[in-house]
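Residue numbers (this note's numbering): 57 to 607.
Take a look at the structure below.
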Amino acid sequence: MNTQRSLSGFLVAGAIALVMIAIAGFYWLFVKSPVNLIASTSQSGAAIFVSKLAPVTVSLLANPDRLEALSNARELSKLKTSLLANSGLDYRQDIQPWLGEEITLAVTTPDIDRDAENGKQPGYLMVLATDKPEKSREFVELLFSKRVLAGANLATEEYKGAKLLYDDAQPNLEPLAGAVVDSFVLFANDSRVLRDAINNVQAPDLNLTSSSQYQKATQQLPKGSVAVAFLNLPRLAEWQGLELPQPTYDSQILALTFNPKGLLAETTFLAASEIVPTSPPLSQPVGALQYIPASAGFVISGSHLSNLGNSDLGKLWIQAKTAISGSGTDIISRLVQPIQDVEKNWGINLEQDIFSWVQGEYALALIPRTAQTTPDWIFIAEKLESVPEGIARLDAIASSQGLNSNTLSLDQQKVAAWADLIATTQQPDTQQPPSFTIEAKVKAIHTTLGKYEIFTSNLDTIHQIFTNQDNSFLKNRNFQNSIAAIPEPNQGYVYIDWHKTQNLFERQLPILKLVEVVGKPFFDKLRSITFSSYGSEPSTLKGGFFIELRP
């Protein structure tokens with residue numbers, strides 16, 4: 057009988073699914089109800105059980121039943137049913153009567169016995185707040201009695217005032233340990249994890265709340281956060297088998313909050329030393345967006361690309377790329393494949409040949425086309441003193457690639473084209489000399505509009521800019537709704553229209569299709585994601601992801 061395996065799933069994957077899918081459904085319920093859903097506290101009470109060296113700690117700070125109070129919450133009901141399938145337990149009868157306002161899951165250690173020779177066995181701890189400790193004790197006793205009937209060998213132990221119940225691994229069962237400590241119910245995949253959790257409470261300098269980085273991170277949490285995740289980045293890299301030499305940022309906290317327009321996931325990265333933003337903050341979206349068509353599916357805007365390498369965002373990018381590349385799974389390269397293709401085809405280094413002279417505003421956009429797999433692109437830079445020199449450098453690169461630079465008129469506007477000129481011959485009559493035609497294969501276009509220099513991948517795209525300025529991306533209602541939820545001033549925006557770019561991202565990241573299957577209720581409603589960084593503390597990098605979902 058393998059019925060009890062679902063309990064291990066409830067402990068590990070189940071708890072993660074409960075937190076993530078419940079959170080994804082919050083907004084859908086929230087916009088359909090006048091009830092305001094706000095967590096009673098933004099900090100985890102269960103953090104006292106978690107080691108300050110734990111790689112990951114994730115907390116849902118609201119009772120899942122409050123979701124069903126707002127709406128039918130059919131997806132959540134299905135989830136709770138599936139998590140307990142074949143376990144012999146009933147959520148409403150066995151869990152609902154005592155479950156409180158918090159569910160926390162932690163990966164406590166990459167290896168329980170710290171012996172690499174026998175393989176790594178991570179420690180998992182789940183802590184559930186209880187309003188009725190006696191009823192929760194009855195639940196734990198019921199749970200382990202059912203496991204005994206399924207073939208488990210039960211052991212009990214009094215440990216520092218707490219009664220521990222645990223069993224060993226069987227062919228049809230995975231090990232489980234449980235206890236009730238004050239107003240919390242604890243489950244773990246090994247009794248050693250439970251003992252460590254109790255030790256963390258009785259020796260406060262061991263638990264997460266004693267970590268200076270955790271204390272600093274929780275001070276950044278917005279009020280009313282309904283879910284919080286704290287990551288110890290070096291330990292997380294160790295758990296995932298990634299290489300993270302001399303990290304700039306050593307911890308991260310992520311919080312989810314709600315407003316009438318959507319869901320804001322606010323995150324803060326903390327550094328051991330001072331990291332100061334090198335670009336001045338912006339109090340409004342850059343004017344370059346007025347030349348981006350509303351049909352754009354992926355847009356990046358900001359200022360001072362010339363400082364990107366030394367910026368706080370640049371250091372975070374290098375750290376992420378170093379860690380992931382060291383794992384042998386080059387996800388970063390796949391994600392930026394369209395940009396890498398431009399570098400390869402043109403024989404340029406973006407940082408040296410373009411970013412270095414963009415000292416003012418900029419905007420970059422990808423425009424998916426149904427008839428082609430590669431999207432068209434637009435790059436716009438504020439025309440400052442450094443721009444003519446930068447264009448001259450690109451002219452030289454184009455010439456070295458065998459391209460010609462020509463000026464032509466389009467919609468009564470002078471544009472410059474980098475093109476590959478190809479001569480073809482026609483000789484219909486052998487008695488007559490051959491005739492020649494020259495075909496121009498345009499590689500890129502650039503022109504000046506207002507105070508901006510605009511570069512595009514082809515004539516169609518530059519024509520679209522000339523003729524659709526009344527329907528620009530700056531007036532896109534979804535974009536305006538998204539940036540209204542993000543604090544100002546900030547460092548600019550990254551905007552992803554999911555419907556327009558889904559196929560593009562799926563081609564670059566095939567694993568995304570699997571993620572979409574698991575999180576189907578979320579991805580079916582996803583409209584857009586907008587990212588921005590903001591905040592001014594010298595040792596932190598603060599930013600937010602605004603997720604807009606369809607009603």
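Idealized CB from N, CA, C, for every residue including glycine.
Query: Comparing alpha-carbon positions, which option in LEU205, THR426, GLU197 lies nearest ALA233?; Result: GLU197
Query: Could you pull out every unbroken alpha helix (DSSP H) segment of at least 4 residues lying fully inside the segment 499 to 543, listed in chain order?; Result: 515 to 523, 533 to 540
Query: Out of ARG203, SER192, LEU450, ALA475, which one is the CA nearest neighbour of ARG148?; Result: SER192
Query: If you draw a straight line from the alpha carbon of TRP554 to that of SER588, how long is it in whole angstroms?; Result: 17 Å
Query: How big is the Cα-Cα spacing for TYR270 and PRO341?; Result: 33 Å
Query: Taking DSSP as the reference, what is the three-state secondary structure of THR304?; Result: coil
Query: Can you pull the DSSP bridge partners for GLN469?; Result: LEU466
Query: Which residue marks the beginning of the alpha helix (DSSP H) containing LEU289, and which one marks its end?; Result: 289 to 296
Query: What does the alpha-carbon distance come out to for the pair PRO166 and GLU214?; Result: 26 Å
Query: If contacts are defined as beta-carbon pairs under 8 Å, then SER239 and THR160 qualify, I think. What distance do you get, rounded to the angstrom?; Result: Not a contact, Cβ separation roughly 13 Å.
Query: Quick check on DSSP: helix, strand or coil for LEU406?; Result: helix
Query: Taking the continuous alpha helix (DSSP H) assigned at GLY446, which residues delimit it?; Result: 442 to 456
Query: Let me check understanding here. Comparing Cα to Cα, which of ASN245, ARG251, GLN296 lies closest to LYS216?; Result: ARG251
Query: Comparing alpha-carbon positions, which option in LEU199, ASN263, VAL414, ASP526 lies nearest TYR351?; Result: Reading off the sequence, residue 351 comes out as Ser, not Tyr. For SER351, the nearest C-alpha among the options comes from ASP526.
Query: What is the rounded straight-line gap between the Cα of ILE436 and the Cα of GLU509?; Result: 6 Å
Query: List the DSSP bridge partners of ASN263.; Result: SER107
Query: What does GLY318 pair with, by DSSP beta-bridge criteria?; Result: ASN315
Query: Between ALA455 and GLN415, which are expected to be in contact by the criterion C-beta below 8 Å, what is the C-beta distance as a whole number of angstroms?; Result: The sequence as given places Ser at residue 455; Ala does not occur at that position. Their Cβ separation, rounded to whole angstroms, is 25 Å, which puts SER455 and GLN415 out of contact at 8 Å.
Query: Based on the DSSP output, what are the partners of ASP252 in its beta bridges?; Result: Partner(s): none; ASP252 has no beta bridge.
Query: Please check the pair TYR222 and SER247, which I expect to be a contact at CB under 8 Å, by giving their CB distance rounded to whole angstroms.; Result: 4 Å
Query: Going by DSSP, name the residue or residues bridged to ASN460.; Result: ALA475
Query: Within 10 angstroms of the Cβ of GLY101, are there 16 or more other Cβ atoms? Answer buried if so, exposed if not.; Result: buried
Query: I need the boundaries of the alpha helix (DSSP H) containing VAL204, first residue and last residue.; Result: 189 to 205
Query: Could you spell out the range, first to last residue, of the beta strand (DSSP E) harbouring THR186?; Result: 179 to 186
Query: Using the C-alpha atoms, what's the distance from GLN558 back to PHE82?; Result: Because the pLDDT of PHE82 is 43, which lies under 50, any placement of that residue in the model is unreliable, and the number read from its coordinates should be weighed accordingly. Near 23 Å, if we compare the C-alpha coordinates of GLN558 and PHE82.
Query: Give every residue of the same chain whose Cβ lies closer than 7 Å to the Cβ of GLU157, excluding the five residues on either side of it in the sequence, and list them in chain order.; Result: SER96, LEU117, ALA118, ASN119, ALA185
Query: Sorted by chain position, which residues of the same chain lie with C-beta nearer than 7 Å to LEU505's C-beta, five sequence neighbours on each side aside?; Result: TYR347
Query: Using three-state DSSP, classify SER89 as helix, strand or coil.; Result: Confidence at SER89 is low in this model, with a pLDDT of 39, below 50, so its placement is unreliable and the value that follows should be read with caution. The answer is coil: DSSP assigns SER89 none of H, G, I, E or B.
Query: Please classify ASN263: is it buried, with 16 or more other beta-carbons within 10 angstroms of its beta-carbon, or exposed?; Result: buried
Query: Given ASP306, which residues of its chain have a CB within under 8 Å of its CB, disregarding the five upstream and five downstream residues?; Result: GLN269, ASN288, LEU289, PRO290, LEU326, ALA327, ALA328
Query: Rounded to the nearest angstrom, what separates GLU194 and ILE151 at their Cα positions?; Result: 10 Å
Query: Is GLU299 buried or exposed, if buried means 16 or more other CB atoms sit within 10 Å of its CB?; Result: exposed
Query: Measuring CB to CB, does ASP476 end up less than 7 Å from LYS497?; Result: yes
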